[in-house]
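Visitor: Going by the numbering used here, the first residue of the sequence shown is number 570, and it counts up by one from there.
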Amino acid sequence: MSQEPLRNALKAVLFRAKYRSSQEADYILGGFAREKAPELNDEALQQFAFLLTHDDPEIFAWLDAPETAPPPLTVPLLTAIYDYALTLTPTWSKS
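1) Kindly list the residues whose CB is nearer than 6 Å to the CB of S646, restricted to its own chain and excluding five residues on each side of it in sequence; keep chain order.
2) Quick check on V644: buried or exposed, where buried means 16 or more other Cβ atoms within 10 Å of its Cβ?
3) Per the contact definition of three or more C-beta pairs closer than 8 Å, is the segment 574 to 581 in contact with the segment 633 to 643?
4) Would you kindly work out how many angstroms separate the C-alpha atoms of A630 and E573, rounded to a whole number?
5) How should L598 be labelled, buried or exposed, when 16 other C-beta atoms within 10 angstroms of its C-beta is the threshold for buried?
6) Put P626 into one of helix, strand or coil per three-state DSSP.
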């Protein structure tokens with residue numbers, strides 16, 4: 570993908586990841602998009618964009634059991650999102 574379409578795809582992913590139907594999804598998917606999406610290759614970015622077309626409960630189920638996700642989603646992408654989520658400190662935490 571050339572630079573301009575890639576930049577536009579990244580902007581779209583950042584927006585869709587940040588504005589989800591739940592605060593938890595905003596926090597996890599939005600944070601992953603902001604911090605990790607710029608590092609994704611074209612294929613992984615397309616997978617992430619595809620993931621964001623689904624509802625949050627489906628996404629969280631796939632994060633718990635990546636092998637159940639439909640193609641074109643891959644275990645490495647879902648594992649990367651899951652691992653990212655494990656690094657987060659809840660905003661309601663006092664630590």
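C-beta: ideal position from N, C-alpha, C; glycine also.
All values derive from a computational prediction rather than experimental measurement.
Guide: Taking the coordinates as given:
1) Before going further, note that residue 646 is Leu rather than Ser in the sequence given. Contacts found: A613 and Q616.
2) Exposed: under 16 other Cβ atoms inside 10 Å.
3) Contact between the segment 633 to 643 and the segment 574 to 581 is absent, with fewer than three C-beta pairs closer than 8 Å.
4) The straight-line gap from Cα to Cα measures roughly 33 Å.
5) It is buried - the Cβ of L598 has at least 16 other Cβ atoms within 10 Å.
6) Three-state result, P626: helix.
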